[in-house]
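FYI, in the numbering used here the residues of the first sequence are 1 to 599.
Heads up, the beta-carbon is just placed ideally off N, CA and C, and yes, glycines get one too.
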Amino acid sequence: MPRPPVQRLIEVMSVPFNFATAIEAGLNDAAQALGLDTAPFAPEVHTADPRHGDFQANGVLPYAKRTKQNPRALAEKVIAALPSTITTNFDVTIAGPGFLNFTLQIPALERWLTTYDTEELLRTGATSAQPEAGKTFVVDYSSPNTAKQMHVGHLRSIVIGEAICRLLDFSGAKVIRDNHIGDWGTGFGKLIWAYKRQLNSNALATDPLEEFERLYKVGNSAADADESVLENAREELVKLQAGDEENLSIWRRINEVSLAAFQKLYDQFGVTFDHTLGESFYNDKVPQVYQELTDIGLAAESQGALVVFHPDHPRFNEQPFIIRKSDGAANYASTDLATLLYRTEQFKADASIYVIDSRQGDHCQQLFLTAAKWFEKTNRRLPRLEHTSFGTVLGENGKPLKTRSGENIKLRDLLAEATERAATLVGQKSTNLSPQEQASVAAVVGVGSVQYADLCQNRSSDYVFSWDKMISLEGNTAAYQLYAVARIHSIFRTLETSPTEPTAFAAADGLETTTEIALARKLAKFPEGLRGAVSQLRPHALGLYLYELAGEFSAFYNNDKVAVPEANIRARRLRLCARTLLILETGLHLMGLRTLQRM
RNA sequence: GCACCCGUAGCUCAAUUGGAUAGAGCGUUUGACUACGAAUCAAAAGGCUAGGAGUUCGAUUCUCUUCGGGUGCACCA
Numbered sequence: 001m002p003r004p005p006v007q008r009l010i011e012v013m014s015v016p017f018n019f020a021t022a023i024e025a026g027l028n029d030a031a032q033a034l035g036l037d038t039a040p041f042a043p044e045v046h047t048a049d050p051r052h053g054d055f056q057a058n059g060v061l062p063y064a065k066r067t068k069q070n071p072r073a074l075a076e077k078v079i080a081a082l083p084s085t086i087t088t089n090f091d092v093t094i095a096g097p098g099f100l101n102f103t104l105q106i107p108a109l110e111r112w113l114t115t116y117d118t119e120e121l122l123r124t125g126a127t128s129a130q131p132e133a134g135k136t137f138v139v140d141y142s143s144p145n146t147a148k149q150m151h152v153g154h155l156r157s158i159v160i161g162e163a164i165c166r167l168l169d170f171s172g173a174k175v176i177r178d179n180h181i182g183d184w185g186t187g188f189g190k191l192i193w194a195y196k197r198q199l200n201s202n203a204l205a206t207d208p209l210e211e212f213e214r215l216y217k218v219g220n221s222a223a224d225a226d227e228s229v230l231e232n233a234r235e236e237l238v239k240l241q242a243g244d245e246e247n248l249s250i251w252r253r254i255n256e257v258s259l260a261a262f263q264k265l266y267d268q269f270g271v272t273f274d275h276t277l278g279e280s281f282y283n284d285k286v287p288q289v290y291q292e293l294t295d296i297g298l299a300a301e302s303q304g305a306l307v308v309f310h311p312d313h314p315r316f317n318e319q320p321f322i323i324r325k326s327d328g329a330a331n332y333a334s335t336d337l338a339t340l341l342y343r344t345e346q347f348k349a350d351a352s353i354y355v356i357d358s359r360q361g362d363h364c365q366q367l368f369l370t371a372a373k374w375f376e377k378t379n380r381r382l383p384r385l386e387h388t389s390f391g392t393v394l395g396e397n398g399k400p401l402k403t404r405s406g407e408n409i410k411l412r413d414l415l416a417e418a419t420e421r422a423a424t425l426v427g428q429k430s431t432n433l434s435p436q437e438q439a440s441v442a443a444v445v446g447v448g449s450v451q452y453a454d455l456c457q458n459r460s461s462d463y464v465f466s467w468d469k470m471i472s473l474e475g476n477t478a479a480y481q482l483y484a485v486a487r488i489h490s491i492f493r494t495l496e497t498s499p500t501e502p503t504a505f506a507a508a509d510g511l512e513t514t515t516e517i518a519l520a521r522k523l524a525k526f527p528e529g530l531r532g533a534v535s536q537l538r539p540h541a542l543g544l545y546l547y548e549l550a551g552e553f554s555a556f557y558n559n560d561k562v563a564v565p566e567a568n569i570r571a572r573r574l575r576l577c578a579r580t581l582l583i584l585e586t587g588l589h590l591m592g593l594r595t596l597q598r599m
């Protein structure tokens with residue numbers, strides 16, 4: 001039976017969610033009790049190599065050095081002053097020149113395992129331990145251009161952006177997902193020009209986006225070849241921006257079709273935006289930006305354009321930030337500034353996160369620098385601004401991934417191929433499943449493999465896209481972890497019980513085997529995996545943790561049979577299975593993946 | 001030319017942001033299914049962290065420098 005809420009709350013409060021932050025607090029208490037100068041004393045707690053315990057604190061060493069004390073003697077004193085919250089949970093030893101090693105006592109591990117037994121409680125724990133809780137984060141990701149299909153170049157922003165949103169949300173932040181689409185570009189004049197002359201209505205009916213793309217190319221090459229076409233296209237754009245009804249309705253139609261096509265892809269990734277405020281939305285909000293930046297002397301005319309220079313910057317003192325083109329039109333610098341103001345004032349953003357590829361680093365730096373000066377002069381509070389940049393998806397030749405003919409690979413085709421390849425594999429490995437089940441498993445494995453391949457390594461570097469590595473399903477892949485999840489579900493099916501049925505664990509006694517204990521120690525480090533991912537907005541830190549957890553589980557599974565006759569042993573192993581399942585599923589969902597009961 | 005990112009095992013990547021003997025997977029070699037799912041597990045071999053200098057108790061991480069790769073740099077986002 002579920003315990004009453006009040007009792008649960010007391011239990012949760014008495015067992016720290018994140019042991020590392022608990023140690024940190026304990027060390028700070030000890031330092032204060034000893035009269036250490038707490039300002040320069042930093043506990044420096046990290047998860048440790050298992051050979052050295054569960055956590056290590058290195059802070060005594062630099063402090064002893066600075067105050068000219070014997071580090072080991074100081075370490076002795078610090079240990080003696082540790083509060084009971086630490087000493088009742090850990091064995092503490094001194095190692096080497098003055099490292100403090102903390103090893104979780106088995107009862108403490110067991111308390112953690114019995115306490116954090118639902119996703120809601122993990123979330124509550126994360127909210128209590130994470131500094132992001134209560135803050136408003138606007139996350140700007142995906143942000144494709146309308147009238148074009150998304151391709152591989154759009155993959156990373158979607159996948160990384162969504163994972164970051166989920167991680168922040170789980171940490172108690174208020175997350176606003178904003179799809180800042182490019183729907184006001186200068187290409188629209190050419191597209192409208194071609195639309196009016198060469199529209200194929202059959203093609204428009206069957207695959208409108210494909211048709212818009214074709215028309216855009218037609219308009220583009222016609223404008224290149226003929227000056228008068230270019231002139232015409234400009235006029236179409238001016239008419240559009242002036243509110244011409246015919247052009248506006250074509251433009252609306254393009255956006256409608258584009259957004260519907262985008263949503264089909266977002267559905268496969270489990271992405272839903274709170275706002276889709278494209279550049280057109282800010283059309284009437286850029287004059288204020290021009291005005292204010294000019295008034296405070298930040299922007300000035302140069303070669304006919306309105307630009308911002310930063311004399312205090314080694315490069316941007318000469319490299320301009322163009323906020324209005326010489327023909328008077330806005331560009332993405334103008335709208336990005338207007339957007340930032342809108343997010344600050346309307347959304348009350350504490351942070352604005354830009355999930356954009358690393359090639360736009362200069363733009364973001366200029367945007368942030370400009371915004372900082374602008375907001376300071378106008379007495380506005382500047383949100384935390386972060387360019388969450390990422391590298392390029394490369395083919396096996398080390399160059400940006402393309403089709404054989406050199407075209408961009410459409411995201412639609414990429415996901416279709418991933419699903420198809422997964423289906424082939426499922427057809428071989430999962431013959432016990434019905435055809436419908438096989439198809440849905442293939443979709444989860446296929447799309448999940450693409451997502452995970454993108455998330456499992458450091459976002460800032462380029463990565464090589466390899467079907468074989470991704471779909472071969474070995475090593476640090478989605479399928480390896482999905483397999484662990486499916487196996488755990490299978491155990492509960494076989495034993496005819498459920499991971500959420502507390503009576504299944506009622507007879508559990510103390511952890512015994514080395515593989516049981518190793519798995520339990522890994523489980524209790526979920527908060528650290530989460531913290532690593534959130535604090536740096538790097539999902540791969542969580543991915544790596546989950547992979548290691550799945551590995552510990554597999555070792556446990558091979559060593560310690562769960563379905564044994566002894567009720568006490570079976571119950572404690574079942575509990576380990578249930579917690580592993582909870583954390584694997586929670587973690588994978590945080591990365592944007594779906595999970596399976598069988599595969 | 002200026003700036004940013006990167007260089008770690010044969011290959012693809014980690015290393016908790018300055019911590020202890022630099023870790024995984026693939027590939028190679030060897031072992032484990034009359035086992036709750038072998039899409040698994042256990043073990044071995046594989047390294048002057050591109051080269052050099054510096055900072056300090058301690059450097060893959062910070063500074064300088066050389067080499068090699070990628071990407072930006074006046075009106076497309």
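{"Asked": "Cβ-Cβ distance between alanine 351 and glutamate 301 below 8 Å", "Found": "no"}
{"Asked": "Selected residue, minimal CA-CA separation from glutamate 585, among Thr118, Lys190, Ala30 and Thr67", "Found": "Thr118"}
{"Asked": "Best match in Leu576, Glu420, Gln291 and Ala479 for proximity to isoleucine 488 [C-alpha to C-alpha]", "Found": "Leu576"}
{"Asked": "C-alpha distance - serine 143 paired with glycine 185, whole-angstrom precision", "Found": "13 Å"}
{"Asked": "CA nearest to the CA of arginine 459, picked from Pro400, Ser389 and Glu420", "Found": "Ser389"}
{"Asked": "Span separating the alpha-carbon of leucine 104 from that of glycine 529", "Found": "17 Å"}
{"Asked": "Presumed contact (8 Å Cβ cut-off) between glycine 543 and leucine 482, rounded CB distance", "Found": "Contact doesn't hold; Cβ gap of about 13 Å is too wide."}
{"Asked": "Length at least 3, wholly inside the segment 271 to 357: the beta strand (DSSP E) runs in chain order", "Found": "299 to 302, 305 to 308, 321 to 324 and 351 to 354"}
{"Asked": "Cross-strand partners of asparagine 101 (DSSP beta bridge)", "Found": "Gln56 and Thr93"}
{"Asked": "Euclidean distance between Cα positions of arginine 531 and alanine 443", "Found": "30 Å"}
{"Asked": "Which residues DSSP lists as bridging histidine 387, in chain order", "Found": "Tyr354"}
{"Asked": "For threonine 136: DSSP bridge partner residues", "Found": "Lys174"}
{"Asked": "Identified DSSP bridge partners for asparagine 145", "Found": "Gly182"}
{"Asked": "Beta-carbon proximity of leucine 191 to valine 534, cut-off 8 Å", "Found": "no"}
{"Asked": "Close beta carbons around tyrosine 266, own chain, < 8 Å, minus the five adjacent residues each side", "Found": "Ser142, Ile158, Thr272 and Phe273"}
{"Asked": "Residue range of the beta strand (DSSP E) that includes valine 152", "Found": "No beta strand (DSSP E) contains valine 152, which DSSP labels as neither H nor E."}
{"Asked": "Asparagine 220 versus aspartate 327 - alpha carbon distance", "Found": "20 Å"}
{"Asked": "Bridge partner(s) assigned by DSSP for leucine 394", "Found": "Pro400 and Val464"}
{"Asked": "Beta-bridge partners of valine 45, as assigned by DSSP", "Found": "Ala57"}
{"Asked": "Endpoints, the alpha helix (DSSP H) within which glycine 243 is located", "Found": "Where glycine 243 is concerned, there is no enclosing alpha helix (DSSP H), given that its DSSP letter is neither H nor E."}
{"Asked": "CA-to-CA distance, leucine 122 to tryptophan 116, given in whole angstroms", "Found": "The identity of residue 116 in the sequence shown is tyrosine, whereas the question assumes tryptophan. Rounded to whole angstroms, tyrosine 116 to leucine 122 spans 6 Å at the Cα level."}
{"Asked": "Backbone CA spacing between threonine 67 and alanine 330 [nearest angstrom]", "Found": "58 Å"}
{"Asked": "Identity of the residue in Leu549, Ala508, His151 and Ala333 nearest glutamate 566 by Cα", "Found": "Ala508"}
{"Asked": "According to DSSP, residues forming a beta bridge with lysine 410", "Found": "His151"}
{"Asked": "Closest Cα partner of leucine 581 within the set Ala571, Gln597, Ile569 and Asn568", "Found": "Gln597"}
{"Asked": "Arginine 384 classed as buried or exposed, judged by whether at least 16 other C-beta atoms fall within 10 angstroms", "Found": "exposed"}
{"Asked": "Buried or exposed by the 16-neighbour rule on C-beta atoms within 10 Å, applied to lysine 494", "Found": "The question names lysine, but residue 494 in the sequence shown is threonine. Exposed, by the Cβ-count rule."}
{"Asked": "First through last residue of the alpha helix (DSSP H) which encompasses aspartate 207", "Found": "Where aspartate 207 is concerned, there is no enclosing alpha helix (DSSP H), given that its DSSP letter is neither H nor E."}
{"Asked": "Asparagine 317 versus glutamine 457: straight-line alpha-carbon distance, rounded", "Found": "35 Å"}
{"Asked": "Run of the alpha helix (DSSP H) containing cysteine 456, from where it starts to where it stops", "Found": "Per DSSP, cysteine 456 belongs to no alpha helix (DSSP H) and is neither H nor E."}
{"Asked": "Whole-angstrom distance between glycine 153 and alanine 418, CA atom to CA atom", "Found": "16 Å"}
{"Asked": "Spatial distance of aspartate 336 from proline 287 (CA atoms)", "Found": "13 Å"}
{"Asked": "Identity of the residue in Ser258, Ala222 and Asn179 nearest glutamine 198 by Cα", "Found": "Ala222"}
{"Asked": "Where proline 2 falls, given that 16 or more other Cβ within 10 Å makes a residue buried", "Found": "Any answer about proline 2 is weak, because its pLDDT of 46 lies below 50 and its placement is not dependable; what the coordinates show is given next. Result: exposed."}
{"Asked": "Glycine 161 to glutamine 268 span [Cα, whole Å]", "Found": "15 Å"}
{"Asked": "Through-space distance from leucine 259 to arginine 594, alpha-carbon basis", "Found": "23 Å"}
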